[in-house]
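Step one of this worksheet: look at the structure below.
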Amino acid sequence: MSPFYLANPFRTTNGIKASRFSQYFSTINTRIMSPLEEFLTNAKKDTERQKCIVSGNTAGDLDTLCSSLLVTYLAPHPTLPLFPIESPDFVLRPELGYLLSTLSLPATALPTLDSLPINPKHVTTLHLVDHNTPSLQLTSLFPHATVSHILDHHADEGDYKDISTRLIEKAGSCSSIVTTFYKDRWKLDGSALECALARCGLAALASDTDGLKNRVEQVDKDAKEIYDAVLAKGGQKVDFAQLERTLREKKNDVAGLSVRDLLRRDYKEWFCKPGTIGIASLPLSLGTVVAEKKNKAWIEGMTAYAKEKNLAVLGVMTAFEKDGEGGKFSRELVLWGFSEAGKKFVEAFEKSLEGKQLQLETWCGPLQVVGFKVWDQNNVQASRKQVGPLVREGFDKFA
Numbered sequence: 000m001s002p003f004y005l006a007n008p009f010r011t012t013n014g015i016k017a018s019r020f021s022q023y024f025s026t027i028n029t030r031i032m033s034p035l036e037e038f039l040t041n042a043k044k045d046t047e048r049q050k051c052i053v054s055g056n057t058a059g060d061l062d063t064l065c066s067s068l069l070v071t072y073l074a075p076h077p078t079l080p081l082f083p084i085e086s087p088d089f090v091l092r093p094e095l096g097y098l099l100s101t102l103s104l105p106a107t108a109l110p111t112l113d114s115l116p117i118n119p120k121h122v123t124t125l126h127l128v129d130h131n132t133p134s135l136q137l138t139s140l141f142p143h144a145t146v147s148h149i150l151d152h153h154a155d156e157g158d159y160k161d162i163s164t165r166l167i168e169k170a171g172s173c174s175s176i177v178t179t180f181y182k183d184r185w186k187l188d189g190s191a192l193e194c195a196l197a198r199c200g201l202a203a204l205a206s207d208t209d210g211l212k213n214r215v216e217q218v219d220k221d222a223k224e225i226y227d228a229v230l231a232k233g234g235q236k237v238d239f240a241q242l243e244r245t246l247r248e249k250k251n252d253v254a255g256l257s258v259r260d261l262l263r264r265d266y267k268e269w270f271c272k273p274g275t276i277g278i279a280s281l282p283l284s285l286g287t288v289v290a291e292k293k294n295k296a297w298i299e300g301m302t303a304y305a306k307e308k309n310l311a312v313l314g315v316m317t318a319f320e321k322d323g324e325g326g327k328f329s330r331e332l333v334l335w336g337f338s339e340a341g342k343k344f345v346e347a348f349e350k351s352l353e354g355k356q357l358q359l360e361t362w363c364g365p366l367q368v369v370g371f372k373v374w375d376q377n378n379v380q381a382s383r384k385q386v387g388p389l390v391r392e393g394f395d396k397f398a
């Protein structure tokens, strides 16, 4: 049974589920919108909402999606969410598809980069979640907009310190910050819409904290209490542990993706003085990737992607559980310099102040390429939230 199973008004005593009715309705070109889809459909028509866009980071993960939806519902000022990917890229993240299916929310209901329901020139303000400096993509798309709100849990990049709302603090999930910041805005009315948004927040929380087992702060616990209270009002309950397991399985299902798709499915970049750094995250070991894609294809794929993104340095972070070691959680770090400054930086990174914080150990594998470095990262607590700023700070010294 799905962890998101709800009592269904179309469920009969002999166990026929609503999907049968959905099939029937589809045959007569009639479809009933879920409360969340109806909410978003109406939001896209609201001219006041069209002036303020709320958007997460370019990785386009669960936290970015759920944080944006929560702000759209909870914020006292009208906002419209923008999910910063293109529609075809939903297939790169099976966990997103899973969550949307449990919410009866078609991906087409979400405003994306290729399906904006508004004229970008009419957008005057940006509300950032899950990052605290807008991407070049965002500022280019909305040239007349200024940042007015930031709710985030990444390293503070020091921008927009004079805006009206700016909260950047440690949290396992950015959605927790959004939920608690607007805690007084929850109606606790047991409505299907609030319950859907609470389940959305639970999904982000479960995924980002491994089911409240890692990277947990008090704000995450407080958010969990809010979600549970909202669901209780609606007579609902979520199997949180099962939800986390299902989302993890979906997230780790990257079989069949090309090298390019593996790199871009969870990718962020930073603009530094000597050039641009991009870091991709993978949910499997480099050895597994190389075995599946072969050395030549992997190297060619990374080279092509670095050229496509005009990168000085391309990084890859892996996170996985080792076989034969009791499922020990492990990380690896790949850095490949493509510019002259990038090559010098990568060569010096292991012994740098920034590199030492990651407790790097030379990786013993088959990949031997000039300017290409691979390490086992023994400081497994450092995710991309910590590694990205360290790499950026280190590279800036090579300007």
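Going by numbering that gives the first Met the number 0, the sequence shown opens with residue 0, and the numbers climb by one from there. Even glycine gets a Cβ: it sits at the ideal position worked out from N, Cα and C.
Legend entry - Span of the alpha helix (DSSP H), counted from its first residue to its last, around F38: Looking at the DSSP string, the run of the alpha helix (DSSP H) that includes F38 is 34-44.
Inset, instruction - Measure the alpha-carbon distance for I84 versus V128 and round it to whole angstroms. - result: So the two alpha carbons sit approximately 15 Å from each other.
Inset, instruction - Let me know if V345 comes out buried or exposed under the rule of 16 or more other beta-carbons within 10 Å of its beta-carbon. - result: V345 should be labelled buried.
Inset, instruction - Using a threshold of 8 Å, state whether the C-beta atoms of P34 and L192 are closer than that. - result: Yes, the pair counts as a contact, with Cβ atoms nearer than the cut-off.
Inset, instruction - Would you mind reading off the limits of the alpha helix (DSSP H) that contains K384? - result: Where K384 is concerned, the enclosing alpha helix (DSSP H) starts and stops at 383-395.
Legend entry - Collapsed DSSP secondary structure at S67 in the structure displayed: Residue state for S67 is assigned as helix, using DSSP reduced to three classes.
Legend entry - Test item: CB-CB of A222 and T178 under 8 Å: In this structure, A222 places its C-beta atom within 8 Å of the C-beta atom of T178.
Inset, instruction - Quick one: give me the first and last residue of the beta strand (DSSP E) that P80 is part of. - result: Run containing P80: 79-81, per the beta strand (DSSP E) assignment.
Inset, instruction - Would you mind listing the alpha helix (DSSP H) stretches within the region 99-142 that are 4+ residues and don't spill past its ends, in chain order? - result: With a minimum length of 4 residues, the continuous alpha helix (DSSP H) runs that stay inside the region 99-142 are 135-140.
Legend entry - In DSSP terms, what W297 is bridged to: None; W297 has no bridge partner.
Inset, instruction - Can you tell me which of L262, A108, M301 puts its alpha carbon nearest to the alpha carbon of M32? - result: Nearest to M32 by C-alpha distance, out of L262, A108, M301, is A108.
Inset, instruction - Identify whether F328 lies in helix, strand or coil by the three-state DSSP scheme. - result: Assignment of F328 by DSSP, reduced to helix, strand and coil, places it in the strand class.
Inset, instruction - Assuming K43 contacts P119 (C-beta within less than 8 Å), just tell me the rounded distance between them. - result: No, K43 and P119 are not in contact; Cβ-Cβ is about 14 Å, not under 8 Å.
Legend entry - Where the beta strand (DSSP E) through Q376 begins and ends: From DSSP, the beta strand (DSSP E) with Q376 extends over 371-376.
Inset, instruction - Within the region 177-218, note down every full alpha helix (DSSP H) run reaching 4 residues or more, in order along the chain. - result: You should have 191-207.
Inset, instruction - Drop a sphere of 10 angstroms on the beta-carbon of Q22, count the other beta-carbons inside from all chains shown, and report buried for 16 or more, exposed for fewer. - result: With a pLDDT of 43 at Q22, under the threshold of 50, the modelled position of this residue cannot be trusted; read the value that follows with caution. Exposed: under 16 other Cβ atoms inside 10 Å.
Legend entry - Buried/exposed call for N213, threshold 16 Cβ in 10 Å: By the neighbour-count rule (16 or more Cβ atoms within 10 Å), N213 is not buried but exposed.
Legend entry - Three-state secondary structure assigned by DSSP to K355: Three-state result, K355: helix.
Inset, instruction - Give me whichever residues DSSP pairs with A279 in a beta bridge. - result: Partner residues in the beta bridge of A279, as assigned by DSSP, are Y266, V315.
Inset, instruction - Check D151 in the structure and name its three-state DSSP category. - result: In the structure shown, D151 falls within a strand segment according to DSSP collapsed to helix, strand and coil.
Legend entry - 8 Å Cβ cutoff met for G314 and L332: Yes, they are a contact pair.
Legend entry - Per-residue DSSP class, three states only, for V258: Here V258 sits in helix by DSSP.
Inset, instruction - Please go through the same chain and pick out, in chain order, the residues whose beta-carbon is closer than 7 Å to the beta-carbon of L407, but skip the five residues on each side of it. - result: Here the chain comprises residues numbered 0 to 398, so residue 407 is not present and cannot be evaluated.
Legend entry - 6 Å CB neighbourhood of E47 in its chain, flanking five on each side removed: Only P77 meet the Cβ criterion.
Inset, instruction - List the whole-angstrom C-beta distance separating P93 from R184, where the pair is believed to meet the contact cut-off of C-beta under 8 Å. - result: With 8 Å as the limit, P93 and R184 do not qualify as a contact, their Cβ atoms being about 31 Å apart.
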